[in-house]
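Quick note on numbering: the sequence shown equals residues 233 to 482 in the numbering used here.
Glycine included, C-beta positions come from ideal geometry on N, C-alpha and C.
Keep in mind that this is a model prediction, so the values were computed, not measured.
Beneath this line is the structure, given in structure tokens, with notes to follow.
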Amino acid sequence: MKGFLVICKIQLRLFTRDFFSFFFTLVFPVLMLLLFGGIFGNTPVYDGAAIRMMDISVPAYAVMITGVTGLMSMPLTLSGYKEKKIYKRFDATPVGKKSIMLAQVLVNLVMTLIGISILIIAGMLLYHIQIKGTFLSICFGVLFSIAAMFSMGFLFTAIGQDSRSTTLLCYLCYFIMLFLSGATMPDMMFPDSIKRISDCLPMTYAVDLMQGVFSGDSLKQHGMELLILGSLTLICIIAGAILYRRKDWT
Numbered sequence: 233m234k235g236f237l238v239i240c241k242i243q244l245r246l247f248t249r250d251f252f253s254f255f256f257t258l259v260f261p262v263l264m265l266l267l268f269g270g271i272f273g274n275t276p277v278y279d280g281a282a283i284r285m286m287d288i289s290v291p292a293y294a295v296m297i298t299g300v301t302g303l304m305s306m307p308l309t310l311s312g313y314k315e316k317k318i319y320k321r322f323d324a325t326p327v328g329k330k331s332i333m334l335a336q337v338l339v340n341l342v343m344t345l346i347g348i349s350i351l352i353i354a355g356m357l358l359y360h361i362q363i364k365g366t367f368l369s370i371c372f373g374v375l376f377s378i379a380a381m382f383s384m385g386f387l388f389t390a391i392g393q394d395s396r397s398t399t400l401l402c403y404l405c406y407f408i409m410l411f412l413s414g415a416t417m418p419d420m421m422f423p424d425s426i427k428r429i430s431d432c433l434p435m436t437y438a439v440d441l442m443q444g445v446f447s448g449d450s451l452k453q454h455g456m457e458l459l460i461l462g463s464l465t466l467i468c469i470i471a472g473a474i475l476y477r478r479k480d481w482t
């Protein structure tokens, strides 16, 4: 246990030294909030709407944070370790490679929660966003979103033969979902053709779930989103584990 805590401490230090991960997890979402908040303010999405722009933007940006850590930071770090044979070195010790993988998941999970907390606090202080959902329902929404994004990142790491191929997979998936899922702009502003594409993206359901629980919906009202995200998590974890066992990356 002591050895694992040391690994977690080192991984946390490396995360804070990585400008990309640190900036896009903790700083960029707040800058997005300031940018679109300065343009739209916390006004109704359209005339007469009960939904306000910042009230739905904050949970959407929270999903953006899960995408950064789950689809960019964690898989690219693990891919680099795989390519540099760091797994093999850890397997030669009592700690084993599973410890460094688990430490990466834990560190990115903690930083994701910190990033979401900073975003919510900024939204409450600057734009007086209204959070009508219960603490439990919001926690479930956050955890399901994190699980889906992290499991996809894990699968991409298992699929990629090297850092370049993993980076291509992660970048392609992340940026497509970022702009077409409603994580940056509300999907109600999309034309029908874009909405049809959006319905095929996992991040869309994470955004819908988060916006729903933040606005006060019960988890039962988002059973489809929970089912899709939960199924995606299980499929990606199982497929990734099988690929890791079959390929000689140790």
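Q: Could you please give me the residues that DSSP links to Pro-276 through a beta bridge?
A: Arg-284
(Q) Do Tyr-437 and Ile-408 count as a contact pair if the criterion is CB distance below 8 Å? (A) no
Q: Could you check the C-alpha separation between Ser-331 and Gly-365 for me, to the nearest Å?
A: 36 Å
Q. So, is Pro-291 buried or exposed, given that buried needs 16 or more other C-beta atoms within 10 angstroms?
A. buried
Q | 8 Å Cβ shell around Leu-464 - same chain, five flanking residues per side excluded | A | Ala-380, Ser-383, Met-384, Pro-434
Q) Are the segment 291-308 and the segment 400-407 in contact at 8 Å, needing three or more beta carbon pairs? A) yes
Q | Local Cβ density within 10 Å of Val-439, reported as buried at 16 or more and exposed below that | A | buried
Q: May I have the straight-line CA-CA distance separating Leu-451 from Ser-369, to the nearest angstrom?
A: 6 Å
Q: Count the other CB atoms, across all protein chains shown, that sit within 10 Å of the CB of Lys-314; report buried if there are 16 or more and exposed otherwise.
A: buried
Q) Helix or strand or just coil, what does DSSP make of Thr-482? A) With a pLDDT of 47 at Thr-482, under the threshold of 50, the predicted position of this residue should be treated as unreliable, though the coordinate-derived value follows. Coil at Thr-482, not helix or strand.
Q) Around the Cβ of Arg-396, are there at least 16 other Cβ atoms within 10 angstroms (buried) or fewer (exposed)? A) exposed
Q. Using a C-beta cutoff of 8 Å, does Tyr-293 count as contacting chain D?
A. Of the protein chains in the structure, only one exists, and it is not chain D.
Q | Coil, strand or helix - His-360 by DSSP | A | coil
Q: Kindly confirm or deny that the segment 255-270 and the segment 284-301 touch, where touching means at least three C-beta pairs closer than 8 Å.
A: yes
Q.
At the level of alpha carbons, what is the spacing between Thr-298 and Ser-377?
A. 7 Å
Q.
My assumption, with CB atoms under 8 Å, is that Leu-412 sits in contact with Ile-426. Please give the rounded CB distance.
A. 6 Å
Q | Integer-rounded CB distance, given that Ile-363 should sit under 8 Å from Arg-446 | A | Going by the sequence as given, residue 446 is Phe instead of Arg. Sure, about 6 Å apart at Cβ, within 8 Å.
Q: With DSSP as the reference, label Thr-399 as helix, strand or coil.
A: helix
Q: Indicate the three-state DSSP secondary structure (helix, strand or coil) for Pro-418 in the structure shown.
A: coil
Q: For the alpha helix (DSSP H) holding Pro-434, just list the boundary residues, first then last.
A: 434-446
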